[in-house]
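Heads up: the sequence shown runs through residues 1 to 283, numbered per the UniProt record's numbering. One structure below.
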Amino acid sequence: MTHPIIDIHPHIVSDDETRYPPAPLFGTRSDWSKERPATVEALIAAMDQAGVAKAAVVHSSTTYGFDNNYVVDGCAQYADRLVAVGSVDVLQPDAPRRIREWIGLGLAGLRLFTGGSTKEFDPRELDDERSFPAWELCSELGLPICIQTGPVGLPQVTRLAKRFPSVAIVLDHLARPEIDDGMPYEKAQSLFDLAAFDNMYLKLTPRIFGDVRKGNASADTFFPAVVDAFGAQRMAWGSNFPTSPGSLAEILATAQEGLASLCAEDRAWIFGKTAQQLYPALA
Numbered sequence: 001m002t003h004p005i006i007d008i009h010p011h012i013v014s015d016d017e018t019r020y021p022p023a024p025l026f027g028t029r030s031d032w033s034k035e036r037p038a039t040v041e042a043l044i045a046a047m048d049q050a051g052v053a054k055a056a057v058v059h060s061s062t063t064y065g066f067d068n069n070y071v072v073d074g075c076a077q078y079a080d081r082l083v084a085v086g087s088v089d090v091l092q093p094d095a096p097r098r099i100r101e102w103i104g105l106g107l108a109g110l111r112l113f114t115g116g117s118t119k120e121f122d123p124r125e126l127d128d129e130r131s132f133p134a135w136e137l138c139s140e141l142g143l144p145i146c147i148q149t150g151p152v153g154l155p156q157v158t159r160l161a162k163r164f165p166s167v168a169i170v171l172d173h174l175a176r177p178e179i180d181d182g183m184p185y186e187k188a189q190s191l192f193d194l195a196a197f198d199n200m201y202l203k204l205t206p207r208i209f210g211d212v213r214k215g216n217a218s219a220d221t222f223f224p225a226v227v228d229a230f231g232a233q234r235m236a237w238g239s240n241f242p243t244s245p246g247s248l249a250e251i252l253a254t255a256q257e258g259l260a261s262l263c264a265e266d267r268a269w270i271f272g273k274t275a276q277q278l279y280p281a282l283a
């Protein structure tokens, strides 16, 4: 039996700016959210076309800041297929209360956005002690936390993995490792060092499937090395649709091609089973 395909990194943007007004984090809206937004209905249609069964939809911080209303409302419309991953300002004293409120409205995971398309990464907030009450609550509730950062933020991620061992930490885009040197991928050693922490998970998105085609990198050497270090049970695919160019079906096909050297069981974990471990509502 073929395991259902699950996507843990699509985004949605409403076409109703009166009901869901943009208020981007850091004050600058992302180009993709203006040029190729996808409503929840468009995401479902793309999933149907691509053969993607379910998804953990990641809140668009560069559209809505800390207002999770659209991702929560959109996922609630398709509760049999979607769960919401949202953002809260964890440095604020009321962060635990806000997290509980959003969970009550359907939030299944949290995301910390330290930079990306509209701002350079600033990882200082990641292990700021003001965020620890939020982390403690996520530990208590079993809520996974996705982190958007680059290699510059991995020292902070390491400290968080040590301090909160029961929180599943998911690295968006593998934290953008440098891999153009090829095997044994010494430039990415800070990423591989995280394999020592059982609570560290990796999100494989279009960025890494592009990077394995650059320099001395290759899909046939990089992905088996990552599986050897982390295990496929701690790796999951995310489309980054519609942020990344192309249809969801095309993005999925590229990922399947990139992971073709892995065994069927490892691919089953990456394309679905790991997602169900992180977000049980998708099981």
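The beta-carbon is built from N, C-alpha and C at its ideal position, and this holds for glycine as well. This one's a predicted model, so the numbers in the text were calculated from it and none came from an experiment.
Item	Value
Coarse secondary structure for V13, derived from DSSP in three states	coil
Status (buried if at least 16 other CB within 10 Å, exposed otherwise) for N216	exposed
Stretch-stretch touch, CB-based, cutoff 8 Å, three pairs: the segment 254-262 with the segment 18-36	no
Buried versus exposed call for P21 [16 or more other C-beta atoms within 10 Å across all chains shown]	exposed
K203 beta carbon less than 8 Å from that of C138	no
Three-state secondary structure (DSSP) of C263	coil
Coarse secondary structure for K54, derived from DSSP in three states	strand
Cα-Cα separation, I251 to F241	8 Å
Close Cβ partners of G182 (< 6 Å) along its chain, the five nearest in sequence each way excluded	N216 and A217
Those residues which DSSP pairs with V170 across a bridge	C146 and Y201
Spatially closest choice to C75 from A95, T39 and A168, by CA coordinates	T39
V83 in three-state terms, based on DSSP	strand
For I44 and T63, the rounded distance between their alpha carbons	20 Å
Where R213 falls: helix, strand or coil (DSSP)	coil
CA-to-CA distance, T18 to A226, given in whole angstroms	Correcting the residue type first, residue 226 is Val in the shown sequence and not Ala. About 44 Å.
R97 versus D73 - alpha carbon distance	19 Å
C-alpha gap between A168 and S239, whole angstroms	20 Å
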